[in-house]
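A short worksheet on the structure shown next.
Protein chains in written order, with my numbering: chain A, 11 to 108; chain B, 11 to 108.
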């Protein structure tokens, strides 16, 4: 459990903490915690950041050791504070050991 | 034709034009131009927007008519104006007719 970024089943939720916190979480899951796969999830504007975290993890910190297994996108509708129906996009990037 | 690639010029690059311009482009490709698939591509911070464009197209404007076939992420390294090596994430969302 690093800085509240990792919950439950090897899932890392991307938010506005420092970028390297999330990369470190991915690395720790695969190394110290010996996970076989890790899911990087984000909503809305944090989606771009989730892709950056996945790419930096795969291409730099764990190069040759992990890869992207699957990327999925979706969206959820909900009613915001002003009572307006809005939709937010979501993304799930599953990383696996090579 | 492999996953993540599309025929011809059915490619829509997401930038900072008004959001609906991109959604309209997707709709026009599938309707007026009768495309069988359309690729929505973005780099860096525009990746979140590309997901929004794909989701709004699939879940609202062409609901039941198109769906996400494949999502891929990658990154490109290059040297910026200050001579620094940087990496930018990229995304390709392939939409297809249901």
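Glycine included, C-beta positions come from ideal geometry on N, C-alpha and C. Keep in mind that this is a model prediction, so the values were computed, not measured.
By a C-beta neighbour count over all protein chains shown, 10 Å radius and 16 as the cutoff for buried, is residue 48 of chain A buried or exposed?
-> As a position in the first chain, residue 48 of chain A is number 38, starting the count at 1. Buried, by the Cβ-count rule.
Shorter than 8 Å from the beta carbon of residue 33 of chain A to some beta carbon of chain B?
-> In the first chain, the residue the question calls residue 33 of chain A occupies position 23. So, not an interface residue.
Round the Cβ separation of residue 83 of chain B and residue 65 of chain A to the nearest angstrom and send it over; I've been treating them as touching at under 8 Å.
-> Taking the second chain and counting its residues from 1, one reaches residue 83 of chain B at position 73. Taking the first chain and counting its residues from 1, one reaches residue 65 of chain A at position 55. Yes, they are in contact, since the Cβ atoms of residue 83 of chain B and residue 65 of chain A sit about 7 Å apart, within 8 Å.
Cα-Cα separation between residue 99 of chain A and residue 70 of chain B, rounded to whole angstroms | The residue labelled residue 99 of chain A in the question sits at position 89 within the first chain. The residue labelled residue 70 of chain B in the question sits at position 60 within the second chain. Between residue 99 of chain A and residue 70 of chain B, the C-alpha separation is close to 13 Å.
What residues of chain A sit near residue 97 of chain B, judged by a beta carbon separation below 9 Å?
-> The count along the second chain starts at 1 and reaches residue 97 of chain B at position 87. The contacting residues are 62, 65, 66, 69 and 70.
Might you give, ordered along the chain, the residues of its own chain that have their beta carbon closer than 6 Å to the beta carbon of residue 81 of chain B, omitting 5 neighbours on each side?
-> The sequence position of residue 81 of chain B within the second chain is 71, counting from 1. When the five nearest sequence neighbours on each side are left out, the beta carbons in the same chain lying within less than 6 Å of the beta carbon of residue 81 of chain B are those of 103, in order along the chain.
Starting from the C-beta of residue 33 of chain A, find all residues in its chain whose C-beta is less than 8 Å away, skip the five residues before and the five after it, and write them out in chain order.
-> Here residue 33 of chain A corresponds to residue number 23 of the first chain, with the count starting at 1. In chain order, 63, 66, 67 and 71 place their CB closer than 8 Å to the CB of residue 33 of chain A, counting only its own chain and leaving out the 5 sequence neighbours on each side.
Any C-beta of chain A under 8 Å from that of residue 55 of chain B = On the second chain, residue 55 of chain B is found 45 positions in, with the first residue counted as 1. Yes - at least one Cβ of chain A is within 8 Å of the one on residue 55 of chain B.
When the Cα atoms are used, what is the spatial distance from residue 13 of chain A to residue 29 of chain A?
-> Translated into positions along the first chain, residue 13 of chain A becomes position 3. Translated into positions along the first chain, residue 29 of chain A becomes position 19. Residue placement at residue 13 of chain A is flagged as unreliable, the pLDDT there being 44, under the threshold of 50; the coordinate-derived value follows with that caveat. Linking residue 13 of chain A to residue 29 of chain A through their CA atoms gives a straight-line distance of about 12 Å.
In whole angstroms, what is the alpha-carbon distance linking residue 11 of chain A and residue 73 of chain A?
-> For the purposes of this step, residue 11 of chain A is taken as the residue at position 1 of the first chain. For the purposes of this step, residue 73 of chain A is taken as the residue at position 63 of the first chain. Residue placement at residue 11 of chain A is poorly supported in this model, since its pLDDT is 41, which falls under 50; the coordinates are not used for a value here.
Apply the 10 Å Cβ neighbour rule to residue 20 of chain B and answer buried if 16 or more other Cβ atoms are within range, or exposed otherwise.
-> Here residue 20 of chain B corresponds to residue number 10 of the second chain, with the count starting at 1. Taking every protein chain shown into account, the CB of residue 20 of chain B has 16 or more other CB atoms within 10 angstroms, so this residue is buried.
Under the DSSP definition of a beta bridge, which residues are partnered with residue 83 of chain B?
-> Your numbering for residue 83 of chain B matches position 73 in the second chain. DSSP, once it has assigned bridges, lists B/101 as partnering residue 83 of chain B.
Identify the contact partners of residue 85 of chain B in chain A, using a Cβ-Cβ distance below 7 Å as the criterion.
-> Reading the second chain from its first residue, position 75 is the one you call residue 85 of chain B. Those are 65 and 69, listed as they occur along chain A.
Leaving out five residues before and five after residue 108 of chain B in sequence, what residues of the same chain have Cβ atoms less than 7 Å from its Cβ?
-> One-based indexing of the second chain puts residue 108 of chain B at position 98. The answer, listed in chain order, is 74, 75, 76 and 77.
Where does residue 34 of chain B sit, in a helix, a strand or coil, going by DSSP?
-> Translated into the one-based positions of the second chain, residue 34 of chain B becomes position 24. Helix.
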